[in-house]
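Numbering (the numbering used here), first residue to last: 50 to 644.
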């Protein structure tokens, strides 16, 4: 019972509707009631066929008399034709519920799988950056595909278990009504067979977790290696990586085979035990329990009907246990993502920066041993270009990640016009912040749709203007389908510089008051780099945007308004290009070395 409750709680937690189980039980219940009534009708039918005087019911069994008494009260004449017609009608009614079951179960499975995947994807998008950084995409993809499918199968098997328990219970009650002693004997033998299978159930459950673990490992391996095929080929490591995947698939194969062996043992063991039970009861029914030939026949028919029910019950139970690893994987993933939901507690609508962005004693830590940023105090003014510079790993990207609240400071405060950043509505904040990462994350869609991504109701002419400004229009216009050309998975059809220009067009199109560029010229050639710097100068001349640039190429920053030098997680120096080169700091020293 505890196991049944545990599975019910798990399925409810992952999204199985509360009505699903009662509906399934209702379908099973009425289907079995009509079926058992149809089978019960066979007793008076057999006895009427075997009787020399079919109308004389004095020699009929008590159960037959009861059945025919009920029929007579309804007003139906009792004869062989009417009994056959009633029995057939009851079986037809059973088929209606069988059809309902065959339709409802896969529909429920499909709805559950869709619900889990929709919920999981939505939750993942709302998890904080720390969770997304620490969780391998291969595991997420495996849980949302393979493990969710297996969980859907488990949910169906769980409901089948409930239905088959109800089926078996109804038939057992009928058998008890016929003969309590013989029924208890049958139940005792069935109970002994289930006890024999308990060890197999435990092995099935442990193997289910091994299968889920192997699936996650393989998905992680594939997600990593398929993105690194160029490196693998250049290093001539094809055989090495092929050997690794052979090891992975060997583990997966062995676990699946072991699972099938355990399931096969169950099927092989349980059926002979049930058949033996029928034979023993057949032998003893008349000799020891005084059943008539007709009653013995009906008893055997019902027992033969119960055998596949019990068999399916055991196999479905084993099936649920076999998928327990997947159920736990999906449940744990949903709980993890729920706990890692990013903070969205702000309520103030953000309209843009008017006075300043101010960091007050801000610190951030990725792990407990080392702080990425320490005691950051700086003010960024609106409608200016501010450059963030410093050596690799100094905390520049972390600094700008905190502006759209991709990361939250561990200590200190960030103020937007004297409003604490966390008090601002995160949706309106991000609508006013345009972010171009160092490595553009290009979605496989058309140029038109990608540039307009996150920018609803933008006209084609405005999209083209942004593309012209970024330098992307020149190569997009040469495509056979122009802006309706698909860019390919992860922008696979584009060069590094083209990706950056397309992403820059997306940023320029957005109606944002804060533009953030992370290494915007890293993939551009010299001509494209100069073109991009001209764009920034134009934006500065218009004085309409607050622009923040993370820059490694520091030789062209003379035109920016302010340069913030971050070194070892701390601000080393703040000033203009002219003031910084007049003192000793990382910026001035690096400039000297590059000349």
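No residue lacks a Cβ here, since even glycine has one placed at the ideal position from N, Cα and C.
1. Could you name each continuous alpha helix (DSSP H) segment of 4 residues or more that falls completely within the stretch 66 to 143, going from the start of the chain to the end?
2. Please state if the CB of residue 62 and the CB of residue 383 are separated by a distance shorter than 9 Å.
3. Which word fits residue 71, buried or exposed, when buried means at least 16 other C-beta atoms lie within 10 angstroms of its C-beta?
4. Which value, in whole angstroms, describes the spacing of the CA atoms of residue 507 and residue 639?
5. Just curious, the alpha helix (DSSP H) that residue 182 is in, first and last residue?
6. For residue 628, count neighbouring Cβ atoms within 10 angstroms of its own Cβ and tell me buried if that reaches 16, exposed if not.
7. Taking the C-alpha atoms as reference points, what is the distance between residue 364 and residue 256?
8. Quick one: is residue 554 near chain D, going by C-beta distance under 9 Å?
9. Going by Cα to Cα distance, which pick from 358, 161, 109 is closest to residue 65?
10. Which term fits residue 219, buried or exposed, when burial requires 16 or more other beta carbons within 10 angstroms of its beta carbon?
11. Within a Cβ cutoff of 6 Å, which residues of the same chain sit near residue 60, ignoring the five residues on either side of it in sequence?
12. Quick test of the definition: if touching needs 3 or more C-beta pairs under 8 Å, does the stretch 544 to 555 touch the stretch 528 to 535?
13. Is the beta carbon of residue 471 less than 9 Å from the beta carbon of residue 394?
14. Among 217, 88, 83, whose alpha-carbon lies nearest the alpha-carbon of residue 350?
15. So, for residue 616: in the same chain, excluding its five sequence neighbours on each side, which residues have a beta-carbon less than 7 Å away from its beta-carbon?
16. Take residue 469 as the anchor and find which of 522, 67, 434, 408 has the nearest alpha-carbon.
17. What does the alpha-carbon distance come out to for the pair residue 499 and residue 625?
18. Within 10 Å of its beta-carbon, does residue 148 have 16 or more other beta-carbons around it, so buried, or fewer, so exposed?
19. Taking residue 456 as the reference, which of 284, 316, 389 has the closest Cα?
20. What did DSSP end up calling residue 608 once you bin it into helix, strand or coil?
21. Considering only C-alpha positions, which residue in the set 533, 314, 266, 602 is nearest to residue 184?
22. Which of the three DSSP states, helix, strand or coil, is assigned to residue 280?
23. Going by the beta-carbon positions, is the gap between residue 568 and residue 601 smaller than 9 Å?
24. Considering only the alpha carbon of each residue, which of 411, 431, 434, 477 lies closest to residue 447?
25. Could you pull out every residue in the same chain whose Cβ sits closer than 6 Å to the Cβ of residue 630, ignoring the five residues on either side in sequence?
26. Rounded to a whole number of angstroms, what is the C-alpha to C-alpha distance between residue 75 and residue 229?
27. Using C-beta distances below 7 Å, list every residue in its chain close to residue 453, excluding the 5 sequence neighbours before and after it, in chain order.
28. Could you pull out every residue in the same chain whose Cβ sits closer than 6 Å to the Cβ of residue 307, ignoring the five residues on either side in sequence?
A quick look at the data gives this:
1. 69 to 89, 91 to 99, 111 to 123
2. yes
3. exposed
4. 42 Å
5. 178 to 183
6. exposed
7. 16 Å
8. Of the protein chains in the structure, only one exists, and it is not chain D.
9. 161
10. buried
11. 204
12. no
13. yes
14. 88
15. 439, 440, 443, 635
16. 408
17. 36 Å
18. exposed
19. 389
20. coil
21. 266
22. helix
23. yes
24. 411
25. 637
26. 26 Å
27. 478, 479, 482, 484
28. 256
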